[in-house]
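In my numbering, the protein residues as written are 865 to 981.
Every residue gets a Cβ at the ideal spot worked out from N, C-alpha and C, and that includes glycine.
Below is one structure, written out as C-alpha cells; comments come after it.
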C-alpha cells in the first residue's frame, strides 16, 4: 500500500478499508487469478488494492477536490470533478474501473439498476 497515502490512517481503518475493498472486488465478479501468455495475474488482489487505495485517497483533501492551498492570504483551489463519477475521481479508482472492464463482471451485468415507481 502507498505509505504516503495511508500514513495518517490508523491500522484499524486501513484494515477495514482493505476488508471492504475485498468484498467489493468479490461482488464485482473478479476472478482470483487470470492466466495469460506471460503467466498468472492475481486479479482479485490487484482489484482489492486499487479499491482500498481509492477509498483512502478520497478521504483527504484530494477527495474533496482541493488541488491547491495557500496559507498566506488564505487561498484554496478546487478541481471540477462534477462529471467524473466516483471511480474516476482518483487514479486508483480509474485503475479499478479499467480492471473491472477487463476482468470483472462488467460484461454480464450492469452496475446501474432502473427501479420503476
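Asked: Presumed contact (8 Å Cβ cut-off) between residue 912 and residue 889, rounded CB distance; Found: 5 Å
Asked: Cβ pair residue 919, residue 884 closer than 9 Å; Found: yes
Asked: Per-residue burial, residue 938 [other beta carbons within 10 Å of its own, 16 or more giving buried]; Found: exposed
Asked: Residue 872 versus residue 881 - alpha carbon distance; Found: 14 Å
Asked: As assigned by DSSP and simplified to three states, the class of residue 902; Found: coil
Asked: Boundaries of the alpha helix (DSSP H) in which residue 884 is found, first to last residue; Found: 875 to 891
Asked: Beta-carbon proximity of residue 963 to residue 907, cut-off 9 Å; Found: yes
Asked: Reduced DSSP category for residue 969 - H, G, I as helix; E, B as strand; rest coil; Found: coil
Asked: Nearest-angstrom Cα separation, counted from residue 953 out to residue 926; Found: Residue confidence for residue 926 is low, a pLDDT of 47 falling below 50, so the modelled location carries little weight; the figure read from the coordinates is stated next. Cα-Cα distance, rounded: 9 Å.
Asked: Selected residue, minimal CA-CA separation from residue 956, among 968, 921 and 891; Found: 921
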